[in-house]
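Notes to accompany the following structure.
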Amino acid sequence: MADGRSELTTKSHDAGEAKATNFITKGEEEIKAKIQSENSPSHDKETHGTSNDIDEDTPIEKVKGPGVLERAKEEVEALVEAVYPDKSTRNRTMSSRLTGYVIEDGVKISNQEELLLATEDEPRNYNEAKGNPKWEEAMETELKSIVKNKTWELTELPKDHKLLITGSSLGQIERFKKLMMEQFEMTDLGRLTYDLGTEVAQGRDGIKITQSNYAKKILKQSGMQDSNPSKVPMEPGTVVSKDERGDPVDPKEYRKIIGCLRYLLHTRPDLSFLVSMASRYMQEPKSSHMQLIKQILRYLKGSIDVGIHYKKGGDRVLVGYNDSSHSPDKDDGKSTSGVIFYFNGAPVTWVTQKQATVALSSFEAEFMAVTEGAKQAVWLRGLLNKITGWKEQTVPLRVDNMPAIALMKNPVFHGKSKHIHTRFHYIRECVDNEQVRVKHVSGEVQKTDILTKPLARVKFHEMRKLMGVEDPPNPMLKLGGGGG
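Per UniProt numbering, the sequence shown runs over residues 1 to 484.
Following this line, the structure appears as structure tokens:
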């Protein structure tokens, strides 16, 4: 599927509003990157007016009709979501105006992401629409609205506000851009190469996303830019707790670094477990916890250019891997779950998470982890269908614990399983409904191993490569063109 992505940037005339907001969820961005082509134009948009004229509770009259959809034979998606939500009225108001403009008859809001908008087949011109009573009424309503609303007053957005648009063809994107430029003041920025700290390198074989410059910024701000690089972010056997000995450190500084590292996880699943563990000690961090952070930063120094490569084409198969580590947290005895999903062989979503309840065995911990994976699989099936038209299929879930697999397929209660809370039996329902299919995978190729525990150097690098985190960019995927 040859898709493209375009970028729209809004600029506020109020210099005081400097917060950037990106209209695409990261989870969607990573999925969409799997199916993009090298054609990715960008736009710059300036908004006028003041936010004082419109209150968030004031009804906004919307232009009805197929205007936004004209000549769009194939599906067009507008991915709109604020990565940095701003609580001010002006941002919410402008977001409502933008989404309100494109929510016309025929545009549906995704059940998976409320700000993901998708269209159905629409008439391309007046002749195709005039025989349809629905579209004739819509065109008449739109014309009346245009005549009635002689002016369209826009509220301000933060400086350098960006919208990303994607479609199944370059021509489709160009038509949508033209339509938006008629309604809003925009400038074409060319191919998308950068978005909120993420570098986007597009080539003939696909797209690679990295956060190299953002990683360098983290190192500089934390004073670790000249540190010695490390091959691993944590030594095997490392155990920490809230009651560690050592001097207290500035919690504000500790949280600041953690926040930066968490944002880096958008392209670095190899850091997921380590950042998750370090995040548990933000309330009263000690010097030993800060040493844990510094070890992660030294590893970052030695792997600053790695990222994820989403190859063009492929078999369009969604596969999930689930694992758990029954090495209880020293503070509360809870295990850790790891879940990662691949589309066309590249990771699109991943998570490391401490389990909600204490598992009494590795079997139980695994069962809990797979249940979380099943919930993610069901959500992804619907999201992919909405974004790409992907036909919903049974999603394979790879698990390396045979007793857990047996219980999922054959609900036989016995001493080891009868106490497991009923909410974890959701996985059984998913199996029965053929939404997921649980399959065994050897622990040697269990891609979530790196999400649940610290590994030795050789094993860590094997698993990092296996999970799809690649070394420095392919020369064919160097950044080029204009950027946002």
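Beta carbons are placed, not taken as given, at the ideal position from N, Cα and C, and that holds for glycine.
Computed from a prediction, not measured in an experiment: that's the story for all the values here.
C-beta contact flag for V319 and K334 at 7 Å: no
Beta strand (DSSP E) segment containing F341, residue limits: T336 to F343
Residue burial classification, R268 (beta-carbon count within 10 angstroms, cutoff 16): buried
Backbone CA spacing between M234 and E392 [nearest angstrom]: 39 Å
Cβ separation of V441 and R398, assumed to be a contact under 8 Å, to the nearest whole Å: 4 Å
Nearest-angstrom Cα separation, counted from V232 out to F460: 7 Å
Whole-Å CB distance - Y321 paired with T448, under 8 Å assumed: 5 Å
Contacting residues, own chain, Cβ-Cβ under 7 Å from G206 (five flanking each side not counted): H309, Y310, K311 and K312
Through-space distance from E470 to G302, alpha-carbon basis: 13 Å
Assigned secondary structure, A365 (DSSP; H/G/I helix, E/B strand, else coil): helix
Given I209 as reference, the closest of S324, L196, I218 and E174 once Cα atoms are compared: L196
Whole-angstrom distance between A456 and E462, CA atom to CA atom: 10 Å
Contact set for Y426: own chain, Cβ-Cβ below 8 Å, skip 5 residues either direction: T371, A374 and K375
Helix, strand or coil at H309 according to DSSP, with G and I counted as helix: strand
Euclidean distance between Cα positions of W350 and S337: 11 Å
Among I450, N132, F343 and S288, the one whose alpha carbon lies nearest that of D315: F343
Span of the beta strand (DSSP E) around K231: Premise fails: K231 is in no beta strand (DSSP E) and is neither H nor E.
CA-to-CA distance, S276 to K465, given in whole angstroms: 20 Å
Contact belief for L265 with L271 at Cβ below 8 Å, rounded distance in angstroms: 6 Å
Sequence-distant residues of the same chain with beta carbon closer than 6 Å to A377, five excluded per side: G320, V395 and V436
Straight-line Cα distance separating E140 from V348: 43 Å
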